[in-house]
Each structure stands twice: as structure tokens, then as C-alpha cells.
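Reading the sequence shown from the start, the letters are residues 31 to 228 in this note's numbering. C-beta atoms are modelled at their ideal positions from N, C-alpha and C, and glycine is treated no differently. This structure is a prediction, so every number in the text was calculated from the model and none was measured.
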Amino acid sequence: MKKQLGASDAFFPIPATLVVSGSGNEANIITIVWIGIVSSTPPTIGISLYKERHSLELIMKTGEFTVNIASADLVKETDYCGMVSGKKTNKFNDTGFTPIQGTVVKSPIIKECPYNMECKVVGKMEMGDWILVLGEIVETHIDDDKIIETMGKYKIDISKVNPLTYCAGIREYWQLGEKVGDAFRVGKQLNLSLKSHL
């Protein structure tokens, strides 16, 4: 039996990300959990911000931003960046985060976050009190100790990234558990067993 909950924004898990907009002394950090990949070709991410946000103003002014994946040990700093306005405080100073200049956009990436994406705005859409911003991912960065090299190819070691996740609706932060399968491979087991019954 299922229990109906009505229209809800409960959705989980979602990466708890730190989005940086602006540059220099104007650079600001905001916690964004309304986020997701919307295209692979070109790689594009969507972030949703409340209309009155200072960060949205900076993103629209510059046409760029960075997305920084927080690890679970940065839960306090990540939560803080979503609770205070960048108009009133410098969140880099408050959290101790280190801004590092990216290679394509002027908005900095956050050194303490293990995975970072540089993005250029390619579109926006109004949705109620929110603005969905689409950003083409033009460069990515990862800590050297968070990758595995196999036969000349690099793979992100998710266990070492240890991404912080957010459970919307219930307002809780969680970290990931263990790997349960390889995408586009584990399902083949079911496909093969189906064929054996035909």
C-alpha cells in the first residue's frame, strides 16, 4: 500500500553544491540543491535560484558561474552558505574557503571542494518565484587524489569525493553509502535472464 503525500518538492538524494558567482572581492557563494545535468552534448547543468537572490543578480550580470561539489565533511560550511546573504557578508572569509581562479570563467572555484565545474550561461527560464539558469560546462577540475587511472583513462573515485547530498522536503543532509552496480552493465543480468526464458 502507498500513502499519498500530495504535490511536493521532496526528492532525494540531490548533490549539495556551492555555486560561486561574481569575481574578485565581489565573488559570492550560495548553496544550491535545485540542480541537475540537463544535457550531455554539450554538457549543460541547470540550477534554480529564487528571484531575489544576490547570486542570481551576479550570474545574470557576468553570464558565468562555477559549481563546486561539497564533500560530506563540509556540511556546516555548505549549510551556512545557504543561510546568509552575500550582500551582508563575505562567505569566503566566514567559511575559510579558498577561491582559486578557474581557467575559462572569471568566477573562482573553491579549493576545498573536490570537484568543480566552470559554466557559461546559455539560457534561463522563469518558473514561479524561481529562475532556472542553464550553464554549459566548459571545464572541470578534480583533486588529484580523487581519481583512479586505468589504462590511460581517468575515473572519478566517488568514495574519495564523498559528496554531500541533500534530501529535499525532509531537509536533511546525508552522505552516500556503497556502490551497488555499474550503470549500463548491471541491468544486462536481467536482460540475459529474460532471454533464457523465451
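Could you tell me which of the options sits nearest to residue i, measuring between CA atoms?
i: V68; options: R215, I167, Y184 and I172; result: I167
i: G76; options: F95, E82, R83 and L88; result: F95
i: Y184; options: L194, D173 and N192; result: D173
i: H84; options: M31, W64 and V50; result: V50
i: T71; options: I200, G165 and Q219; result: G165
i: V151; options: F122, D187 and L88; result: L88
i: T195; options: N98, V210 and P138; result: N98
i: D39; options: L206, I200, T119 and K33; result: I200
i: G207; options: R215, K190, G217 and V216; result: K190
i: H171; options: I188, G153, K141 and M155; result: K141
i: V105; options: C143, K81 and E82; result: C143
i: V135; options: E169, K121, G153 and N123; result: E169
i: S101; options: K218, I186, N192 and C111; result: N192
i: N120; options: G36, M31, E202 and A57; result: A57
i: I139; options: E156, L48, G158 and V216; result: L48
How would you label residue i, buried or exposed, when you count the other beta carbons within 10 angstroms and need 16 or more for buried?
i: K178; result: In the sequence on display, residue 178 carries Ile and not Lys. Flag for I178 reads exposed.
i: L228; result: Residue placement at L228 cannot be trusted, given a pLDDT of 49 that sits under 50; what the coordinates show is reported in the next sentence. It is exposed - the Cβ of L228 has fewer than 16 other Cβ atoms within 10 Å.
i: L86; result: buried
i: A213; result: exposed
i: T133; result: exposed
i: M147; result: buried
i: G93; result: exposed
i: G54; result: exposed
i: S137; result: buried
i: V210; result: exposed
i: G116; result: buried
i: L35; result: exposed
i: G52; result: buried
i: F122; result: buried
Kindly indicate the opening and closing residues of the beta strand (DSSP E) around residue i.
i: C149; result: Y145 to M157
i: F95; result: E94 to I99
i: V191; result: Per DSSP, V191 belongs to no beta strand (DSSP E); it is in the alpha helix (DSSP H), I188 to V191.
i: T170; result: W160 to I172
i: L48; result: T47 to S51
i: L194; result: L194 to C197
i: P73; result: P73 to Y80
i: G66; result: I65 to S70
i: Q205; result: E202 to Q205
i: T180; result: I177 to T180
i: T61; result: N58 to I62
Assuming the contact rule is C-beta atoms closer than 8 Å, residue i and residue j should be a hit. Round their C-beta distance to whole Å, please.
i: F127; j: I62; result: Rounded, the Cβ-Cβ distance is 15 Å, inconsistent with contact.
i: L79; j: W160; result: 7 Å
i: T108; j: A198; result: That belief does not hold up - the Cβ atoms of T108 and A198 are roughly 14 Å apart, past 8 Å.
i: Y110; j: T125; result: 6 Å
Could you spell out where the alpha helix (DSSP H) holding residue i opens and where it closes?
i: E107; result: V105 to C111
i: T125; result: K121 to T125
So is the beta-carbon of residue i under 7 Å away from any non-hydrogen atom of the ligand GDP?
i: V68; result: The ligand GDP is absent from the structure shown, which contains no ligands of any kind.
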